[in-house]
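Participant:
Numbering (this note's numbering), first residue to last: 1 to 83.
#1: Can you tell me which residues form a DSSP beta bridge with residue 37?
#2: Assign residue 64 to buried or exposed, taking buried as 16 or more other Cβ atoms, counted over all protein chains shown, within 10 Å of its Cβ.
#3: If you follow the beta strand (DSSP E) that residue 74 is in, where does it begin and where does it stop?
#4: Which one of 61, 67 and 69 has the shortest CA to CA distance from residue 76?
#5: By how many angstroms is the C-alpha of residue 66 removed from the C-alpha of residue 83?
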């Protein structure tokens with residue numbers, strides 16, 4: 001993945017993993033920009049990409065990643081705590 005551009009994960013990255021994509025009802029990918037770009041202004045933000053959802057919509061959303069506790073939180077909640 002690191003050598004691919006863009007690094008945002010895609011379903012075809014799982015192509016050689018057997019029938020994962022075909023059999024799965026939901027496929028989610030997590031992406032942290034700061035892993036690839038340490039100078040980003042999106043520190044501690046994780047993008048969650050819903051790339052496949054057999055019975056619902058696909059799309060993406062963001063979560064706050066607390067590295068110290070290895071925990072994800074709602075991004076809006078974290079912004080409210082900082083204020």
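Glycine included, C-beta positions come from ideal geometry on N, C-alpha and C.
Every value quoted in this text rests on a predicted model; they were computed, and no experiment measured them.
Facilitator: Short version:
#1: DSSP, once it has assigned bridges, lists no residue as partnering residue 37.
#2: buried
#3: 71-74
#4: The shortest C-alpha separation from residue 76 is found at 61.
#5: In this prediction, residue 83 has a pLDDT of 47, which is less than 50 and means its spatial position is unreliable; what the coordinates show is noted afterwards. Those two C-alpha atoms are separated by around 17 Å.
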